[in-house]
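Step one of this worksheet: look at the structure below.
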Amino acid sequence: NQKQNLHDEL
Amino acid sequence: NIFRILADLSHLASIVILLETIRKARQIDGISLKTQILYVLVFCTRYLDLLTFRWTSLYNTLMKFFFIGTSVYVVKLMQDCKLTNPVSYKDMMFRDTFQIKYLLGPCALLALVFNYKFTVLELCWSFSIWLESVAILPQLFMLSRSGKASTLTTHYIFALGLYRALYIPNWIWRYYSENRLEKLSIFTGLLQTALYSDFFYIYYRKVMKGRGFELP
Numbered sequence: 040n041q042k043q044n045l046h047d048e049l
Numbered sequence: 081n082i083f084r085i086l087a088d089l090s091h092l093a094s095i096v097i098l099l100e101t102i103r104k105a106r107q108i109d110g111i112s113l114k115t116q117i118l119y120v121l122v123f124c125t126r127y128l129d130l131l132t133f134r135w136t137s138l139y140n141t142l143m144k145f146f147f148i149g150t151s152v153y154v155v156k157l158m159q160d161c162k163l164t165n166p167v168s169y170k171d172m173m174f175r176d177t178f179q180i181k182y183l184l185g186p187c188a189l190l191a192l193v194f195n196y197k198f199t200v201l202e203l204c205w206s207f208s209i210w211l212e213s214v215a216i217l218p219q220l221f222m223l224s225r226s227g228k229a230s231t232l233t234t235h236y237i238f239a240l241g242l243y244r245a246l247y248i249p250n251w252i253w254r255y256y257s258e259n260r261l262e263k264l265s266i267f268t269g270l271l272q273t274a275l276y277s278d279f280f281y282i283y284y285r286k287v288m289k290g291r292g293f294e295l296p
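Line by line, the protein sequences are chains A and B.
Under my numbering, think of the first position of the first sequence as 40, with each following residue one higher.
Under my numbering, think of the first position of the second sequence as 81, with each following residue one higher.
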């Protein structure tokens, strides 16, 4: 889950 | 969180200001085509994950399409100026002399050294994050060479710089609330904000006090 959210910013 | 929303709004505002400036004035004096081309490259390499369809949220996806689309559109508008206002275009090209190979090379190298995974997607992402941190340099170089700029151009640069600066409190917030520490973005974000610091100072001293942007 942590990995999936690695690039959750713009 | 509030910082991230404000940051993204500031980023949106900067693009709207830029588009309005080019469309209304029908001239591109003081705007660096090289910086705008670098942003096309930044967004296209960063948002490659759109192709994997592992979308984080509707908000993220829409924003990604918006940033890619508008950056390409800005370059197209500037190229159109070659025909509609050749004097302005020539003047811009004459001043837009920063050598971007000195940015592209080191950024590619840094991406190879600092990345989260040695895959095409991750290398492109890292390249984009490094490139974004320095993409404003041709614009700032142009500004420092001509010594002055239209107020709208300075509002554009300010809003663009503010966006990354606002990401910094967002990262602090996320560190405490989610224990999230994404080092590459934080380091390049700090670097990017540092590059703007001189501009911020002059903007605060002059433009915010209604005196127009002129370098000492």
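Where a beta carbon is used, it is the ideal one built from N, C-alpha and C, also for glycine.
Determine the burial state of A245 (chain B): buried for a count of at least 16 other Cβ atoms within 10 Å of its Cβ, exposed for fewer.
Taking every protein chain shown into account, the CB of A245 (chain B) has 16 or more other CB atoms within 10 angstroms, so this residue is buried.
Skipping 5 residues on each side, what residues in its chain have a beta carbon closer than 6 angstroms to that of A93 (chain B)?
Shown here for A93 (chain B): same chain residues with a beta carbon closer than 6 angstroms to its own, the five before and five after excluded, namely A239 in chain order.
With distances taken Cα to Cα, identify the nearest neighbour of K162 (chain B) among B:F221, B:P296, B:W251, B:I108.
It is B:I108 whose Cα lies nearest to the Cα of K162 (chain B).
Based on the DSSP secondary-structure assignment, which residues constitute the bridge partners of F293 (chain B)?
DSSP lists B:A229 as partners of F293 (chain B).
Could you list which residues in chain A have their beta carbon closer than 7 angstroms to that of W135 (chain B), in chain order?
Residues of chain A whose Cβ lies closer than 7 angstroms to the Cβ of W135 (chain B) do not exist; the shortest such Cβ separation is about 10 angstroms.
Would you call N40 (chain A) buried or exposed, if buried means 16 or more other Cβ atoms sit within 10 Å of its Cβ?
In this predicted model, N40 (chain A) has a pLDDT of only 44, less than 50, meaning its place in the structure is not dependable enough to derive any value.
Between the alpha carbons of P166 (chain B) and T101 (chain B), how many angstroms are there, rounded?
17 angstroms
Go ahead and label E212 (chain B) buried or exposed: buried means 16 or more other beta carbons lie within 10 angstroms of its beta carbon, across all protein chains shown.
Taking all protein chains shown into account, E212 (chain B) has 16 or more neighbouring C-beta atoms within 10 Å of its C-beta and is therefore buried.
Does the beta carbon of Y169 (chain B) sit closer than 9 angstroms to a beta carbon anywhere in chain A?
no
Do S226 (chain B) and G110 (chain B) have their C-beta atoms within less than 9 angstroms of each other?
For the pair S226 (chain B) and G110 (chain B), the CB atoms are nearer than the 9 angstroms cut-off.
Helix, strand or coil: which one does DSSP assign to H46 (chain A)?
coil
Does G110 (chain B) come out as helix, strand or coil in the three-state DSSP assignment?
G110 (chain B) sits in coil when the DSSP states are folded into three classes, being neither helix nor strand.
Name the chain A residues that come within less than 8 angstroms of D88 (chain B), Cβ to Cβ?
L49
Taking a cut of 9 angstroms between CB atoms, which residues from the stretch 205–227 of chain B lie near chain A?
W205
Leaving out the 5 sequence neighbours to the left and right, which residues in its chain are closer than 6 angstroms to Y276 (chain B) when beta-carbon positions are compared?
G241
Let's see if you can read the secondary structure: which residues bound the alpha helix (DSSP H) around N140 (chain B)?
138–164
Please name the residue in B:T273, B:Y196, B:A191, B:F133 whose C-alpha comes closest to that of L217 (chain B).
B:T273
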